[in-house]
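Numbering-wise (the working numbering), the sequence shown opens with residue 1204 and increments by one.
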Amino acid sequence: MKLPITGRCLCGAVSYEISAKPIGAGNCHCRTCQKSGGTAYTPVLFVLYDALVITGPYKEYPTLADSGNTMNRGFCPQCGTALFGRNSGSDKIRPVNAATLDDPSIYQPHMDFWVSSAQAWDIMDPGLPKFAESPKHL
Ligand SMILES: [Zn+2]
Ligand SMILES: [Zn+2]
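Structure follows, in structure tokens:
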């Protein structure tokens, strides 16, 4: 995987660089991802906190995670693209929406999580491990 990994929102006002290899990747099927992304699931790269450098005037919208923590969902206020998150319970890992990568083909999910909230019209790879809720190791 070539570093840095880069990505941006639809209009380009917000961009980011990931300077270290992501520590995980998986598809989140939770209701909040469905709503905020307007889609069946969010493809998530798990990135070391300090490896993500953001440029541009993004905004955050706080949502309550099942853990009781707050997931601050970062988005572009101009075009509305959901880009990345910041969990109040973690200063080690940040989730990044892999659909916003400049080269989304590098994304290789190794699990599905929050499948208990998945919709009947959601299509998943049967070969990937499934977690009913959030995987405990992340
Ligand atoms: Zn934008
Ligand atoms: Zn989610």
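We put the CB at the ideal spot given by N, CA and C, even for glycine.
Look at Lys1224 here: in three-state DSSP terms it is coil, with no helix or strand label. Between the alpha carbons of Ser1218 and Ala1285 lies a distance of about 12 Å.
Put simply, the segment 1221 to 1232 touches the segment 1310 to 1317. At least three CB pairs are less than 8 Å apart. Leu1251 is a Cβ neighbour of Ile1226, given a cutoff of 8 Å. Contact check for Ala1243 against Gln1322 passes: the beta carbons are separated by less than 8 Å.
For Gly1288, the enclosing beta strand (DSSP E) begins and ends at Ala1285 to Asn1290. Look at Thr1266: its beta carbon is at least 7 Å from all of the heavy atoms in ligand 2. For the pair Glu1220 and Lys1333, the Cα-to-Cα distance works out to about 29 Å.
Not a single heavy atom of ligand 1 lies less than 7 Å from the C-beta of Leu1304. Those residues placing their Cβ nearer than 6 Å to any heavy atom of ligand 1 are, following chain order, Cys1212, Leu1213, Cys1214, Ala1216, Val1217, Cys1279, Gln1281, Cys1282 and Thr1284.
Under the three-state reduction of DSSP output, Thr1209 falls in the strand class. A direct Cα-Cα distance of roughly 23 Å separates Arg1211 from Asp1294.
Per DSSP, Lys1295 lies in no beta strand (DSSP E) segment and is marked neither H nor E. Taken from the Cβ of Trp1317, at least one heavy atom of ligand 2 lies inside 7 Å.
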